[in-house]
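One point on numbering: in this note's numbering, the residue at position 316 of the sequence shown is 317, and numbering is uninterrupted.
Accompanying notes for the structure given below.
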Amino acid sequence: ALLPLASVFGARAQTASSAVPVAESTLAILPGNRGKVVSESLASLSYETGQLADPTFFSPRNRSLIALFRQLNPKGILRIGGNTSDYTVWSEYRGTLPEQKTRKGGPQQPVVLHPESLRELAGFLRETGWSLVFGVNLKIGVPDMAVALGRAVRDAVGDRLLAIQIGNEANNYEKDYDAFDAAWSPNARALQIAGLPLAGPDTGANTDWVAQYIQRHGKGQAFASRHYYRDAAPRGSIGDVLGSDPGMIEHMEVLASLAEAQGLPLRLTEANSYYFGGRDGVSNVFASALWGADFMLAMAQCGVVGIHFHGGTLASVEASLGRDAKSDLSADDIVARRDAVSSRYSAIAGDVALGFQPRPLFHGLVFAQQFAGARLMDARLETAGANVTAYVADRGDQRLVALVNKDMATDVAITVSGMAGYGRGQTRRLHAPSLDSRTGVVFDATTGREGDIAVDASGQARVHVPRSSAALVRFEQHI
Ligand code: BDP
């Protein structure tokens, strides 16, 4: 039933338009059905190997980026890879190297990686507390160089190296899984002999390749991986990103159970909303925060252990900015320019000269990361057709209830049942002036009637979630 907002939510009714419908919804928590514990490394990031060309980026002196990494997740995992990993050469490799070609057949300018970048990266990881997944060049077909670089990475970062991956989205250049396997295997053998931990296959969307890889190579690897993007920019719209992608859920459920049978965690080592750098007005606005929060929790529910949101600078734009001294810019200019130097989907915007700031997506990732360490529970949601998702988890004597209202037009009033034994809940809300806001996104504690939620004698609580916002309620168990 749709009730006028004012009748269920007096406090907000004074400011909200009375035209906003409210969908009466129910969330029944099924206390017997306990799922997996959400990994501490759920919120993770991915950057291009090309980002390492500038050793001051991932550096122990880059305090502003370190602070944002720590704020996102004190136990995250940084994945270095992407297309640029497949044309990176190691400066210390003394063997001969074939010339690499671009997709169109021209000579490919290599990214030359120097020891200094690895030393700086090691310091950055130490300061953030993050671990590393590092991708080496498969396309070039020189296993000796893969080993030389893999060893150098391990020597630089030590135990923080979780795994080496070989090749990025090889499905884009190998004809089928067997061709990939044949190219991959000599590299893998050489890296294994050198005692380096492996993970893979780091393909694009190819679930069947990942399944074959798990079957053939899964035992003893650090994790299994693939990537995810909703679609290619410039396709995409706010309505599209807020829609659901049920196919992905099915694929990941299948892969997670295959991986689990081999004792392997499953990670999305590269993911974001729209590839080709993201969709302006979608990937970099508040809608992406609701998408990211929901996507992370949906993936955790399927058994995905970590999601590495891809990002970083748009190197070409950055180069053109070199002439501007930071001090010449007003605060607003700096905000706009940090935005301009970054890929549109990057959760963090900025560069070393300008400093760094969170994008809207960042706040969505922080929202979902609140589930780290909590055990997911089954719950049944009925929303009268509103585009809402719900996630429930227990941690110690707390119960977390996340409600993501991706509906653009409808507020929801959710009656949560199955809360017997819990006292009051405290709410943090993820909201912004509008879905297309680039700034003004917050994830903050709500005070008063909207923030402090009571559980009644029958074990029910009422939570109101305005359209285009999310709420995270933390209920405390009765002592
Ligand atoms: C992915 C690549 C990554 C690109 C991204 C994009 O792995 O290197 O940056 O697409 O196009 O497929 O945005």
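The beta carbon of each residue, even a glycine, is placed where N, CA and C say it ideally should be.
Exposure label - residue i; buried when at least 16 CB within 10 Å
i	result
S317	In this predicted model, S317 has a pLDDT of only 34, less than 50, meaning its place in the structure is not dependable; the value taken from the coordinates is given anyway. That one is exposed.
F363	buried
D457	exposed
R338	buried
T204	buried
Q371	buried
R35	exposed
D395	buried
G219	buried
R217	exposed
R429	buried
K105	exposed
G11	Any reading at G11 must be qualified, since the residue scores a pLDDT of 36, below 50, and its modelled position is unreliable; the value itself is stated next. Exposed, by the Cβ-count rule.
I480	exposed
S459	exposed
Reference residue i; option with closest CA among the options
i	options	result
N169	G374, I81, R376, V39	I81
E49	A200, H252, P202, S343	S343
K102	Y88, V113, P198, V112	Y88
G130	P187, A200, P99, E41	E41
K76	S132, A68, Y94, A123	S132
Y229	Y214, M297, F287, G221	M297
L114	N138, K105, E128, R161	N138
G426	R400, I250, I67, L126	R400
I349	L43, T440, D55, S86	T440
P486	I67, G107, R62, P56	It is not possible to answer for residue 486, since the shown part of the chain is limited to 2 through 480.
G424	T447, Q302, Q478	Q478
L315	W292, D340, I454, R161	D340
G248	Q263, N207, G279	N207
V23	A455, S86, Q193, S469	S469
R280	F310, V242, H252, T448	V242
G33	L473, H465, A262, A380	A380
Distance CB(residue i)-CB(residue j) smaller than 8 Å
i	j	result
I141	S418	no
F181	A189	no
L150	F59	no
E271	G96	no
V158	L126	yes
R227	V211	yes
L43	I308	yes
S215	A260	Just to set this straight, residue 215 is Ile in the shown sequence, not Ser. Contact flag set, yes.
V389	N406	yes
L404	A332	no
N63	V353	yes
G293	S347	no
P144	A191	yes
A385	V38	no
L377	A301	yes
A387	H465	no
Beta-carbon proximity list for residue i, same chain, < 8 Å, skipping 5 on both sides
i	result
T416	E25, S26, T27, L28, Q461, A462, R463
S65	G351, G356, F357
I239	G282, V283, V286, A288, M409, L436, D437
R152	A195, L197
N173	G205
V306	S40, S42, L43, F224, P266, L267, R268
V367	A44, Q72, L73, F444
Beta-carbon separation (whole angstroms), residue i vs residue j, contact threshold 8 Å
i	j	result
L436	F444	About 16 Å separates the two Cβ atoms, so there is no contact after all.
L79	L119	The pair is not a contact, with the Cβ atoms about 13 Å apart (cut-off 8 Å).
A246	R268	Contrary to the premise, residue 246 reads as Asp rather than Ala in this sequence. Not quite, the Cβ-Cβ distance comes to about 18 Å (not below 8 Å), so this is no contact.
M146	W91	6 Å
D412	V21	5 Å
A233	Y275	6 Å
A54	V112	6 Å
E254	G221	Between G221 and E254 the Cβ distance is about 24 Å, and since that is not below 8 Å, they are no contact.
Beta-carbon contacts of residue i that lie in its chain and below 7 Å, excluding the five residues immediately before and after
i	result
A223	L163, A164, P198, L199, A200
Q109	Y88, Q101, K102, T103
A290	P361, L362, H364, G365, L431, V442
Close Cβ partners of residue i (< 6 Å) along its chain, the five nearest in sequence each way excluded
i	result
F135	I81, V154, I165
L382	L28, A391
Y94	M146, A149
P187	P144
Contact with chain D by residue i, beta-carbon distance below 8 Å
i	result
D156	The chain labelled as chain D is not found in the depicted structure, where only one protein chain is given.
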